[in-house]
Structures are given as C-alpha cells and as structure tokens.
Amino acid sequence: MAKALIAIGAATVNVLTKWLQTEAQPVQIVWIGSHQQDFLSLKVRDYIGDIVSETADHVIGTRGELLYIASGQSTTDAARLQKILEKYEDVYILSSLGGGTTSHVTPFIAEICTRKDPLMQAIVTLPAKLEPRTRHEKAQHAFHQLKQICPVIHLVTNNGEHEESLVATFARRDELLATLLTRLIR
1 MAKALIAIGA
11 ATVNVLTKWL
21 QTEAQPVQIV
31 WIGSHQQDFL
41 SLKVRDYIGD
51 IVSETADHVI
61 GTRGELLYIA
71 SGQSTTDAAR
81 LQKILEKYED
91 VYILSSLGGG
101 TTSHVTPFIA
111 EICTRKDPLM
121 QAIVTLPAKL
131 EPRTRHEKAQ
141 HAFHQLKQIC
151 PVIHLVTNNG
161 EHEESLVATF
171 ARRDELLATL
181 LTRLIR
C-alpha cells in the first residue's frame, strides 16, 4: 500500500523542513502549491529525491512529486490531480487553511483521496487572530467543507499567539505540526 503525505501550500514548506530534520522520510511526499518560486526552489525539490521526470508544472522524484497549480485552477486540473493521487492508498493531508489556494484545493484533494482511502486524515491549521478577516473567512469555509468529507481532522490551533509576534506564532505552529507528523506517520 503506497502511503503519502500531501502537503498543500507554501506554509507547509517550513513544516516539512522541520519534520525531515528529525525524521527519516517514512512516506512519499506530494507537494502542491501555487507559488512558482516554491515549486522551483531547491528546498522543496529536496523532499522528492532524485528527479525522474519533469514538466513545467509536475516533477516526479524517487521519494515523491511536486505539482504546480496556478491560482484558481484546481477544478480544471481535476483529471490530472486524480491521476497523480490515485496511486496512494494511505493518505495524510497537511494544509494551513486561509490562503486562496489552500482553502480551495484542500477540500478538493480530500474528496479525491477519500474515494480510495476512507480513513484519510487531514492535518490543518486556521489563521492566527492577527491575520486578515478574509483569510479567516476562507479558512472557515474550507474547514466546514472538510468536516463533510474527512473522517479524521487534526486541527492545530494558534493558542497563545496573543503573547507572541506572528513570526513566533508561526514558528511554534510549525514545530507542533512537525511533531504531530512524526507521531501520526510511521
């Protein structure tokens, strides 16, 4: 059974980096994002091992895949996403809800994955209180959709953020997510 961590969005880059510093990569990583600079970065490409094949928007490596989706294109890319994700039967999704891509793509990906893995787990965060109201609205909408789709959702909150800067809040959240990944995925 092929196991995968599907990491969605730029906010997952630091989490994956922290996780892989302390944990040997136990699963394939499929990173999906809408920021071209992240898709092209060596840091992200290191997650997938040696590159086997590459196109302008999809890279396959020995330990995973990278997929670039232009903003607002997830539903138009449904067939491509389904083909990429169909090989994975034991799936974890990692996403920081609130951004345009993560809030739109995460429920869409979860719906595709639950068809094959009815026990698929989503690990998500909601925006910090200091972030704009529009991010909170997008995140709440996406979270409501996920509750209808996912059998298991792990929600990592941003408790204690009132005492910290936004940078410190995100760094603490990244550490919590990396620890949670270690505990869940073995």
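Counting from 1, position 18 in the sequence shown corresponds to residue 18 in UniProt numbering; the numbering is continuous, with no gaps. Built from N, CA and C at the ideal position, the CB exists for glycine as well. Note that the coordinates shown come from a computational prediction; the quantities given were computed from them, not determined experimentally.
- Contact annotation: isoleucine 48 and arginine 63 have beta-carbon atoms nearer than 8 Å.
- In the DSSP assignment, valine 52 forms no beta bridge with any residue.
- With respect to the 8 Å criterion, isoleucine 149 and leucine 5 are not classified as neighbours on the basis of their beta carbons.
- Boundaries of the alpha helix (DSSP H) harbouring valine 44: 42-46, taken from the DSSP string.
- Contact between lysine 43 and threonine 17 holds: CB atoms are separated by about 7 Å, below the 8 Å threshold.
- When Asp90, Ile69 and Val15 are compared, the shortest CA-CA separation from glycine 100 is found for Ile69.
- In this structure, the CA atom of aspartate 57 is about 8 Å from the CA atom of phenylalanine 39.
- A distance below 8 Å between beta-carbons, with the five flanking residues on each side excluded, links cysteine 113 to the following residues of its chain, in chain order: Ile6, Leu85, Tyr88, Val91, Ile93 and Met120.
- The region 105-142 contains, as complete beta strand (DSSP E) runs of 3+ residues, the segments 121-125 (chain order).
- Under DSSP, isoleucine 32 takes part in a beta bridge, and its partners are Ile8 and Leu67.
- Ranked by how close their Cα comes to the Cα of glycine 98, the residues Ala2, His144 and Lys83 have His144 in first place.
- Counted as a single uninterrupted DSSP element, the alpha helix (DSSP H) harbouring valine 167 occupies residues 166-184.
- By the neighbour-count definition (other C-beta atoms within 10 Å, threshold 16), lysine 83 is an exposed residue.
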